[in-house]
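**Student:**
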Amino acid sequence: MNPFDKLAPVTDGFSFLQLFLQAHVVVKIVMIGLLLASVWSWAIIIEKIFAFRRARREADRFEQMFWSGQSLEELYAGLSRGRTFSMASLFVAAMREWKRSVEGSIRALGGIQMRVEKVMDVTISREMEQLDRRLLFLATVGSTAPFVGLFGTVWGIMTSFQAIAASKNTNLAVVAPGIAEALFATALGLLAAIPAVVFYNKFAADSSRLSQRLEAFADEFSAIVSRQIDVRT
Numbered sequence: 352m353n354p355f356d357k358l359a360p361v362t363d364g365f366s367f368l369q370l371f372l373q374a375h376v377v378v379k380i381v382m383i384g385l386l387l388a389s390v391w392s393w394a395i396i397i398e399k400i401f402a403f404r405r406a407r408r409e410a411d412r413f414e415q416m417f418w419s420g421q422s423l424e425e426l427y428a429g430l431s432r433g434r435t436f437s438m439a440s441l442f443v444a445a446m447r448e449w450k451r452s453v454e455g456s457i458r459a460l461g462g463i464q465m466r467v468e469k470v471m472d473v474t475i476s477r478e479m480e481q482l483d484r485r486l487l488f489l490a491t492v493g494s495t496a497p498f499v500g501l502f503g504t505v506w507g508i509m510t511s512f513q514a515i516a517a518s519k520n521t522n523l524a525v526v527a528p529g530i531a532e533a534l535f536a537t538a539l540g541l542l543a544a545i546p547a548v549v550f551y552n553k554f555a556a557d558s559s560r561l562s563q564r565l566e567a568f569a570d571e572f573s574a575i576v577s578r579q580i581d582v583r584t
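Position one of the sequence shown corresponds to residue 352 (the numbering used here), numbered consecutively onward.
(1) Between Ala569 and Leu441, which are expected to be in contact by the criterion C-beta below 8 Å, what is the C-beta distance as a whole number of angstroms?
(2) Tell me which residues share the same chain as Arg404 and place their Cβ nearer than 7 Å to its Cβ, disregarding the 5 neighbours each side in the sequence.
(3) Under a Cβ-count criterion, where at least 16 other Cβ atoms within 10 Å of its own Cβ denotes burial, should Ile575 be classed as buried or exposed?
(4) For Ser518, count neighbouring Cβ atoms within 10 angstroms of its own Cβ and tell me buried if that reaches 16, exposed if not.
(5) For Thr491, I'd like the list of residues in its chain whose CB is within less than 7 Å of its CB, leaving aside the five on either flank, ordered along the chain.
(6) Determine, using beta carbons only, whether Met416 and Ala536 come nearer to each other than 8 Å.
(7) Once the 5 residues before and after Ile396 are set aside, which same chain residues still bring their CB inside 6 Å of it?
(8) Would you report the Cα separation of Arg477 and Val378, rounded to the nearest angstrom?
(9) Going by DSSP, what residue range makes up the alpha helix (DSSP H) through Arg412?
(10) Within this structure, are the beta carbons of Phe401 and Met438 separated by less than 8 Å?
(11) Which value, in whole angstroms, describes the spacing of the CA atoms of Ser577 and Pro546?
(12) I need the straight-line Cα distance from Leu423 to Ser431, nearest angstrom please.
(13) What number of angstroms, rounded off, separates the C-alpha of Leu565 from the C-alpha of Ile475?
(14) What does a CB cutoff of less than 6 Å around Val526 pick up in its chain, not counting 5 residues either side in sequence?
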């Protein structure tokens with residue numbers, strides 16, 4: 352008789368579904384929670400991949416138009432008619448404030464630059480807040496999912512010890528189910544945490560680079576406003 356035949360009933364039942372169905376109710380709750388966290392994390396990851404890609408593409412496209420030699424009035428007229436993103440939103444907000452101030456015949460020209468800079472700061476904050484939304488969830492999953500999985504691991508091992516104590520038998524068929532539950536909970540915790548950490552770090556770096564681009568453009572546009580004020584005075 353093949354000695355591995357004795358292990359067949361045990362290993363045959365170790366599909367993922369069987370592990371879940373045979374798990375203790377506490378371990379089931381842990382598994383469901385980790386699966387939901389993983390699914391929601393991937394939904395956020397996919398959304399942010401497209402969001403940051405669009406923000407970079409829109410910023411590149413706007414910079415090409417801005418430095419193409421087209422007048423600021425023409426560029427503003429073209430962009431203000433539609434929905435803008437990223438750097439274009441920053442430009443439209445700044446130009447709108449500039450036109451309101453100049454057309455209102457405001458004499459305090461020094462105040463115009465201050466208001467334009469304030470509008471650009473607020474616009475940058477809003478744009479980055481929109482991009483960074485829900486990234487905190489990825490950070491939370493990345494930092495807590497391994498510990499939640501570890502909790503399921505500990506509970507599964509406790510279940511194994513209870514089974515050993517009840518049966519007074521250390522046979523693999525008695526110990527294996529609880530150990531398998533424990534390892535499965537650990538695997539789910541890592542499955543949820545690793546992508547969340549990797550993509551959170553990536554998106555944080557992307558957000559920092561985009562924020563620097565917007566701030567650099569704001570400084571350049573502020574210099575343009577300053578020159579226009581000097582010309583008018």
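Even for Gly, the Cβ is constructed at its ideal location relative to N, Cα and C.
**Tutor:** Taking the coordinates as given:
(1) 6 Å
(2) none
(3) exposed
(4) exposed
(5) none
(6) The Cβ atoms of Met416 and Ala536 do not sit closer than 8 Å to each other.
(7) Closer than 6 Å at the Cβ level, and outside the excluded window around Ile396, lie Phe550.
(8) 41 Å
(9) That run of the alpha helix (DSSP H) goes 376 to 417.
(10) no
(11) Roughly 46 Å between the two C-alpha positions.
(12) 12 Å
(13) 7 Å
(14) Ser511
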